[in-house]
Amino acid sequence: DTGVSQNPRHKITKRGQNVTFRCDPISEHNRLYWYRQTLGQGPEFLTYFQNEAQLEKSRLLSDRFSAERPKGSFSTLEIQRTEQGDSAMYLCARGPAADTQYFGPGTRLTVL
Amino acid sequence: QKEVEQDPGPLSVPEGAIVSLNCTYSNSAFQYFMWYRQYSRKGPELLMYTYSSGNKEDGRFTAQVDKSSKYISLFIRDSQPSDSATYLCAMRVQGAQKLVFGQGTRLTINP
Numbered sequence: 002d003t004g005v006s007q008n009p010r011h012k013i014t015k016r017g018q019n020v021t022f023r024c025d026p027i028s029e030h031n032r033l034y035w036y037r038q039t040l041g042q043g044p045e046f047l048t049y050f051q052n053e054a055q056l057e058k059s060r061l062l063s064d065r066f067s068a069e070r071p072k073g074s075f076s077t078l079e080i081q082r083t084e085q086g087d088s089a090m091y092l093c094a095r096g097p098a099a100d101t102q103y104f105g106p107g108t109r110l111t112v113l
Numbered sequence: 633q634k635e636v637e638q639d640p641g642p643l644s645v646p647e648g649a650i651v652s653l654n655c656t657y658s659n660s661a662f663q664y665f666m667w668y669r670q671y672s673r674k675g676p677e678l679l680m681y682t683y684s685s686g687n688k689e690d691g692r693f694t695a696q697v698d699k700s701s702k703y704i705s706l707f708i709r710d711s712q713p714s715d716s717a718t719y720l721c722a723m724r725v726q727g728a729q730k731l732v733f734g735q736g737t738r739l740t741i742n743p
């Protein structure tokens, strides 16, 4: 158990629909990260929160993507107008430090 | 060219063998290095992290960093079937939060 839960675990949606994923870090670590992983590739960084502040954001995070972390606890990642290229595993990680990022089980998104 | 290169394998070895997994990188600004293990359909699991050249040992695992060659390795001694997974190297620049991952090497340990 890495102390990170993600919901839903699987999401199938049609192209053009909006989807929202949730990450709940169990512990009080103030750092939270989102990554995206496609089949056969390593995770790619999307964004980083320290408490409720979004401090780093990848160019991968287009205008259709938005992430929030209200009150510095759970976080949500929303994708608007999904495209087939958005199909991937979306991973959330918590950490006391950048070198110790503990990942959740991920949300697998399939866009039809 | 990717910043971090990792042979995707697959790599298959008999139980008990010593396994060597490697990554090369092009960005000399990378100062911190990690190894993750990922089982199928699970999130990556942190195995080890280090920030200095040389070796770091943890049980059956040894991480090795050679900054002059931009080359890192993970050695697994007395490999077990339960070590069968994809191994990901990751690294970051000082002051940055994001990890840059390699593609991952798929490893199978045969009983």
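So the sequences go chain by chain: A and B.
Sequential numbering of the first sequence, starting at 2, is according to the numbering used here.
Sequential numbering of the second sequence, starting at 633, is according to the numbering used here.
Positions of the beta carbon are idealized from the N, C-alpha and C atoms, including for glycine.
No experiment lies behind these values; they were computed from the predicted model shown.
| Check | Outcome |
| --- | --- |
| Proximal residues to glutamate 647(B) (C-beta, below 7 Å), its chain only, five neighbours per side dropped | Ser711, Gln712, Pro713, Ile741, Asn742, Pro743 |
| Backbone CA spacing between leucine 56(A) and arginine 724(B) [nearest angstrom] | 16 Å |
| Contact list for phenylalanine 707(B) against chain A, beta-carbon separation under 8 Å | Ordered by position in chain A, no residue passes the 8 Å Cβ test against phenylalanine 707(B), which lies about 20 Å from the chain. |
| Alpha-carbon spacing of phenylalanine 75(A) relative to alanine 649(B), whole angstroms | 43 Å |
| Neighbour-count burial assignment, glutamine 18(A), 16 or more Cβ in a 10 Å radius | exposed |
| Residues that tyrosine 719(B) contacts on chain A, provided the C-beta gap is smaller than 8 Å | In chain order: nothing, as chain A lies at least about 10 Å away. |
| Contact list for leucine 40(A) against chain B, beta-carbon separation under 9 Å | By Cβ distance, chain B contributes nothing, its closest Cβ being about 11 Å from leucine 40(A), past 9 Å. |
| Residues that tyrosine 681(B) contacts on chain A, provided the C-beta gap is smaller than 8 Å | Asp100, Thr101 |
| First and last residue of the uninterrupted beta strand (DSSP E) at arginine 95(A) | 89-98 |
| Below-8 Å beta-carbon distance, tyrosine 91(A) vs any chain B residue | no |
| Exposed unless 16 or more other CB atoms sit within 10 angstroms - verdict on isoleucine 27(A) | exposed |
| C-alpha distance - tyrosine 683(B) paired with leucine 113(A), whole-angstrom precision | 42 Å |
| Contacting residues, own chain, Cβ-Cβ under 7 Å from serine 88(A) (five flanking each side not counted) | Leu110, Thr111, Val112 |
| Counterpart residues of leucine 61(A) in DSSP-defined beta bridges | Note: leucine 61(A) sits in no beta bridge, so no partner. |
| Where threonine 3(A) meets chain B, residues with beta-carbon distance less than 9 Å | Gly675, Glu677, Leu678 |
| Distance, glutamine 42(A) Cα to cysteine 24(A) Cα | 22 Å |
| Collapsed DSSP secondary structure at glycine 73(A) in the structure displayed | helix |
| 3-residue-minimum beta strand (DSSP E) runs that sit fully inside the stretch 684-720 of chain B, ordered along the chain | 686-690, 693-698, 703-708 |
| Chain A within 8 Å of glutamine 729(B), Cβ atoms only | yes |
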